[in-house]
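Chemist:
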Amino acid sequence: MQMFPLKSQRSKVATTRRNGGPDGSSRTESPMDSPMKRLAKLKLLIIHHVPLVRSGLIGLIKATGRFAVCGETDDAPTGREMFVKHQPRLVALGLTLRRGNGIELIKDFRSFDRAARILAVSAREDPLSIQRAFRAGTHGYFALEDDSSEVLPALERISEGHLYASATVMRRLLKSLASKEIEPARSEVRALSDRELQVFSLIGRGFGASRLATELHLSVKTIETYQAHIKEKLGLHSAAELSEKAAHWTVNSMRRNLQLRKLVKTAS
126 MQMFPLKSQR SKVATTRRNG GPDGSSRTES PMDSPMKRLA KLKLLIIHHV PLVRSGLIGL
186 IKATGRFAVC GETDDAPTGR EMFVKHQPRL VALGLTLRRG NGIELIKDFR SFDRAARILA
246 VSAREDPLSI QRAFRAGTHG YFALEDDSSE VLPALERISE GHLYASATVM RRLLKSLASK
306 EIEPARSEVR ALSDRELQVF SLIGRGFGAS RLATELHLSV KTIETYQAHI KEKLGLHSAA
366 ELSEKAAHWT VNSMRRNLQL RKLVKTAS
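The opening residue of the sequence shown carries number 126 in the numbering used here; numbering runs sequentially from there.
Dropping the structure here:
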């Protein structure tokens, strides 16, 4: 994105300011000539499955002249199309999306345009999700539990080339590192890829192959391939064992998140 005049244009502007107007008369600099006024708004794409979060973000963005929302959606395929079409400077997205996966979308965006800056906005505050989001290429992670007034500073930080983690995210990571009782993830689950972990977690919530295919915008055959890979990596021998293992992991993950919340409240 070109944010300032080209070199030749800058030279012309500078000459005009030194020598006066085109007719030789003296010229007073207009407020519109200031660098901040010449700054173009940074395009922001919002991808989140919760309508209230999207509308809230849009409301916050309208309160500033720094960013301009170029599109919004709740599903991954549409978000991917919008990203290619609008080529935004910034993306705010959730990790749980309709017909897709936020982690995979982050990887896609990073491979398409390394200059784009990404802020994950999610209710998922477990250390494993945070870790995988940053490894996928996000530049910031904002927990929905945090004060919404921090969203704009977060976007400013990542737009300037910095990494960002909200207060809740930092506390969760520090607590998980300090407490042996709360493991970021079991070693066996770490062997799963991001997509496999998503399939595994949805199986734990009771999703069958057909529903998984619809939810993730994949074919049933592809889902079955993922299931086979998961069983192989976890040493499982049947669909029943996979369902039981996934359900057990999901329940334990929920318990760990509750423990983290209690620790954070106690610390704060």
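In this text, a Cβ means the ideal position worked out from N, Cα and C, and glycines have one as well.
For the alpha helix (DSSP H) that valine 345 lies in, which residues bound it at each end?
Modeler: That run of the alpha helix (DSSP H) goes 345 to 359.
Chemist: Counting only runs of 3+ residues fully inside the stretch 208 to 275, write out the beta strand (DSSP E) ranges in chain order.
Modeler: 215 to 218, 242 to 247 and 265 to 268
Chemist: Does the CB of glycine 329 have a neighbour CB from chain D at under 7 Å?
Modeler: No chain D appears in this structure, which consists of one protein chain only.
Chemist: Run the CB neighbour count on asparagine 377, radius 10 Å, all protein chains shown included, and call it buried at 16 or more, exposed below.
Modeler: exposed
Chemist: Suppose contacts are defined by Cβ-Cβ distances below 7 Å. Is alanine 245 in contact with alanine 258 by that definition?
Modeler: Taking 7 Å as the Cβ cut-off, alanine 245 and alanine 258 qualify as a contacting pair.
Chemist: Determine the DSSP secondary structure at lysine 166, reduced to helix, strand or coil.
Modeler: coil
Chemist: Going by CA-CA distance only, name the one from Ala316, Leu222 and Ile186 that's closest to histidine 174.
Modeler: Leu222
Chemist: Using a Cβ-Cβ cut-off of 6 Å (strictly less than) and excluding sequence neighbours within five positions of arginine 282, which residues of its own chain qualify?
Modeler: Tyr289
Chemist: Give the range of the beta strand (DSSP E) segment to which valine 194 is assigned.
Modeler: 192 to 198
Chemist: Taking the C-alpha atoms as reference points, what is the distance between alanine 364 and histidine 264?
Modeler: 37 Å
Chemist: Rounded to the nearest angstrom, what separates isoleucine 348 and alanine 334 at their Cα positions?
Modeler: Distance between the alpha carbons of isoleucine 348 and alanine 334: 6 Å.
Chemist: On a CA-only basis, which of Val209, Leu215, Arg296 and Glu275 is nearest proline 252? Give me that one, please.
Modeler: Arg296
Chemist: Per the contact definition of three or more C-beta pairs closer than 8 Å, is the stretch 194 to 212 in contact with the stretch 232 to 245?
Modeler: yes
Chemist: Go ahead and label leucine 183 buried or exposed: buried means 16 or more other beta carbons lie within 10 angstroms of its beta carbon, across all protein chains shown.
Modeler: The residue you asked about is not leucine; residue 183 is isoleucine in the sequence shown. Per the 10 Å Cβ criterion, exposed.
Chemist: Taking valine 345 as the reference, which of Lys356, Phe332 and Glu357 has the closest Cα?
Modeler: Phe332
Chemist: Could you compute how far the alpha carbon of glycine 106 sits from the alpha carbon of histidine 362?
Modeler: No information on residue 106 is available, as it lies outside the stretch 126 to 393 that the chain covers here.
Chemist: Sorted by chain position, which residues of the same chain lie with C-beta nearer than 6 Å to glutamine 212's C-beta, five sequence neighbours on each side aside?
Modeler: none
Chemist: Applying the 10 Å Cβ sphere with the 16-neighbour rule, what's the burial state of leucine 302?
Modeler: exposed
Chemist: Determine the direct distance from the alpha carbon of alanine 217 to that of arginine 242, and round the result to whole angstroms.
Modeler: 9 Å
Chemist: Going by DSSP, what residues sit across from isoleucine 172 in a beta bridge?
Modeler: Paired residues: Thr198 and Leu218.
Chemist: If you measure between the beta carbons of alanine 316 and lysine 358, is that distance less than 7 Å?
Modeler: yes
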